[in-house]
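Presented below is the structure to which this report refers.
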Amino acid sequence: MLQGKRILVGISAGIAAYKSVFLVRLLKKYGAEVKVVLTPSAHDFVTPLSLATLSGHPVLSEFTVSKEGGEWNNHVAHGLWADAMIIAPATANTMSKMVNGAADNFLLACFLSAKCPVLIAPAMDLDMYKHGSTRENLAKLEEFGHYIVPAESGSLASGLSGEGRMAEPETILEHLRSVLFPTTNLRGKSILITAGPTREAIDPVRFITNHSSGKMGYALAKRAVQLGMEVHLVSGHTYLSQPEGLSSFTLINNANDMFEACSAIHPSVDALIMSAAVADFTPVSKSEQKIKKGEGDMSIQLTRTKDILSELSKSKNDKVHVGFAMETQNEIENAKSKLERKHLDFIVLNSLNKKGAGFGVDTNLVTIIDKDNNLQESELKSKDDIALDILLKLDTYFETA
Ligand code: CTP
């Protein structure tokens with residue numbers, strides 16, 4: 067759920083720091099890359115060794131790595147590295163410094179440098195939590211655009227009972243999820259996504275295929291899961307690992323297998339994204355035995371495969387259908403004609419002429435074209451971010467639902 071996300075966890079000096087060890091563990095479990103920053107006094111509550119082992123990165127605490135060598139920890143780089151920063155526990159003292167822009171420890175310097183969303187999970191005794199200055203600091207931090215994960219009620223380190231306990235790691239994770247992946251109309255909707263190449267067998271050893279790596283389709287599946295969708299992935303052979311959290315995964319060989327798998331799933335979904343590179347032709351007959359080379363040349367007779375999008379459009383009803391177009395010339399025109407021919411709601415045009423876009427690479431540059439002729443051209447970005455753009459476009463089709 068957090069694959070590819072970089073999270074900076076800041077721990078200040080409160081007894082609740084022990085819970086942040088679990089938080090780090092949980093973030094890792096869900097696939098995030100995690101770095102931990104401790105305030106100097108937090109060392110009295112948790113050990114850098116545990117946190118470094120769990121996070122897989124050395125714990126940061128000092129501005130300098132070695133005073134003799136003049137090596138320093140770059141707080142700006144760490145602040146900018148993170149996709150989100152979580153300060154848990156945030157003590158009254160740390161929050162007061164955060165409000166006033168103090169930077170007398172490494173955690174505060176990272177906080178001031180962070181451009182990402184910052185989540186703050188306060189923890190303190192009940193009277194400190196109720197105090198006017200704490201309330202004002204919390205309000206100010208919210209005003210600055212940070213996210214507060216409110217403290218909960220329960221027994222406190224002082225022996226008293228009341229509001230001030232740091233939220234549980236699972237609750238902090240839930241807040242993080244809603245900050246990183248805003249709720250959309252897609253939550254709870256089901257989708258069929260196809261990915262990767264097909265293999266059309268010539269004989270038991272040879273097949274016809276294409277350059278598709280499956281990266282775009284897998285990025286879509288991963289993102290759709292993160293947005294709370296029920297995701298069915300039908301995939302050709304790729305070198306990618308199966309995304310977590312899928313409702314089903316079907317591995318197929320050829321275009322006909324893909325057609326059959328899609329036909330079985332299609333009736334139950336709300337949306338379809340065909341990002342697979344499906345072969346348009348397949349050998350008329352597959353030799354049962356390995357074909358031996360004889361004298362001279364040989365030719366293979368090919369026949370058309372079924373066009374899956376066109377076939378499924380016959381039972382489209384109110385489902386949203388999205389296709390891809392991979393073009394090398396007259397790109398927009400060709401994409402528009404595919405959009406019409408295949409009865410799509412919108413099409414994602416990949417241009418093979420653009421550097422950094424297309425097969426095998428981690429980035430892409432696409433133009434989304436819809437039925438109403440709206441064109442949305444992306445900049446060159448990761449396939450992960452392109453996937454989000456495509457899903458946010460899909461989201462608009464469910465707005466009034
Ligand atoms: N597609 C499909 N079934 C096929 C071939 C393609 O459903 N047998 C889908 C692809 O997954 C893609 C869209 O149709 O979403 C366009 O694929 P593309 O290969 O660009 O277009 P083709 O229809 O194959 O046309 P051409 O090869 O002439 O460009």
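Take the sequence shown: its letters are residues 67 to 467, numbered as in my numbering.
Glycine included, each C-beta is placed from N, C-alpha and C at the ideal position.
Does the beta carbon of L457 fall short of 7 angstroms from some heavy atom of the ligand CTP?
no
Out of curiosity, what's the CA-to-CA distance linking L405 and F412?
7 angstroms
For a test of the three-state rule: what should DSSP assign to Q292, helix, strand or coil?
helix
Suppose the cutoff is 6 angstroms on Cβ atoms and the five residues either side in sequence are ignored; what does the same chain contact list for H298 look like?
L258, S313, S314 and I331
Do D170 and S224 have their CB atoms nearer than 8 angstroms?
no
Secondary structure of N430, DSSP reduced to three states
strand
So, A290 versus A261, is the Cβ gap smaller than 8 angstroms?
no
Output the distance between the C-alpha atoms of M324 and V300, rounded to the nearest integer angstrom.
7 angstroms
Taking 6 angstroms as the limit between beta carbons, can you name the residues of its chain near N400, skipping five residues before and five after?
E393
Quick check on the burial criterion: 16 or more other C-beta atoms within 10 angstroms. Buried or exposed for M364?
exposed
So what does DSSP say about N416, is it helix, strand or coil?
strand
Would you tell me roughly how many angstroms separate the C-alpha atoms of T275 and A345, rounded to the nearest one?
7 angstroms
So, is V271 buried or exposed, given that buried needs 16 or more other C-beta atoms within 10 angstroms?
exposed
Indicate, with yes or no, if the ligand CTP has a heavy atom lying under 7 angstroms from the CB of T260.
yes
Measuring from the CB of K408, is there a heavy atom of the ligand CTP at a distance below 7 angstroms?
yes
Near the ligand CTP: G274 beta-carbon under 7 angstroms from a heavy atom
Note that residue 274 is Ile in the sequence shown here, rather than Gly. Every heavy atom of the ligand CTP is 7 angstroms or more from the Cβ of I274, so no.
Any chance the CB of I374 is under 7 angstroms from a heavy atom of the ligand CTP?
yes
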